[in-house]
Amino acid sequence: MEVIALVLSCLSLAGLLVAGLLFRGYLASYASAKGSNAASKEDLAHLTETVETVKAQHTAELERVKAALSAEGQVVERRRRVYEEMCAALRVFIAGHDQGPVGKERFHAAHAAAWLWASDQVLTALNRFIELQVLHAASSGSVSQSDLKSAYSAVVVAMRKDAGFSSTQMETSDYHFVQF
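Numbering of the sequence shown is given in numbering that gives the first Met the number 0, commencing with residue 0 and proceeding in unit increments.
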């Protein structure tokens, strides 16, 4: 009986050793897989946070760009309306188009609006044209008609460039005065 107990004890011990070896290999791979999964979850959480942060930054930047483009578009649209009015008001200076006090008031209103909305290049051309008109009014013949027409055309071309046609190929000499 003692021999049977001893054999059973040895078999139990051998079984425990085999089970321990199998469990040890399984436990190590299980713990390794669990650790890898936990690390992957942490990495994924960090990557998700980074992506969301970058996405929020790009969204904010996109909104700033949209707002800037919208504001710029409104300014260009306003300039176009001012320039259309200025072109119509400048007719007061063209021979045969004198519109009396109404034309002069229209010119003064358009001139004031231009000083608020026009670019420096347009204002420079407009000032040059007005200077020539003042000289011409003070002493008829002191400024040639071709110089007056050229200055007028320079204002129109400068407004055209500032109103969205910055790469226009039109020159002041391309502008034609028409009389019926």
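Quick reminder that beta carbons are idealized off the backbone N, C-alpha and C, glycines included.
Exposure label - residue i; buried when at least 16 CB within 10 Å
i	result
Tyr25	exposed
Ala162	buried
Ser128	Residue 128 is actually Phe in this sequence, not Ser. Classification for Phe128: buried.
Phe22	exposed
Val64	exposed
Arg78	buried
Ala67	exposed
Leu131	buried
Leu20	exposed
Ala44	exposed
Phe92	buried
Ala117	buried
Nearest-angstrom Cα separation, counted from residue j out to residue i
i	j	result
Gly140	Lys160	31 Å
Val74	Lys148	29 Å
Leu46	Arg80	51 Å
Gly14	Leu5	14 Å
Glu104	Ala150	21 Å
His57	Ser69	18 Å
Ser11	Lys40	42 Å
Arg181	Val53	For the chain, the structure presents residues 0 to 179; residue 181 sits outside this window and is missing.
Beta-carbon proximity of residue i to residue j, cut-off 7 Å
i	j	result
Tyr174	Ser152	yes
Q: Examine the Cβ distances between the segment 106 to 115 and the segment 76 to 88 and report whether three or more of them are shorter than 8 Å.
A: Per the Cβ contact rule, the segment 106 to 115 is in contact with the segment 76 to 88 (3 or more Cβ pairs under 8 Å).
Q | Cβ contact check for the segment 148 to 160 and the segment 111 to 126: 3 or more pairs under 8 Å | A | Yes, the segment 148 to 160 is in contact with the segment 111 to 126.
Q: Examine the Cβ distances between the segment 129 to 138 and the segment 113 to 121 and report whether three or more of them are shorter than 8 Å.
A: No contact exists between the segment 129 to 138 and the segment 113 to 121.
Q. Taking only runs of the alpha helix (DSSP H) that begin and end inside the segment 100 to 153, which ones reach a length of at least 4 residues, in chain order?
A. Complete alpha helix (DSSP H) runs here, min 4: 119 to 137.
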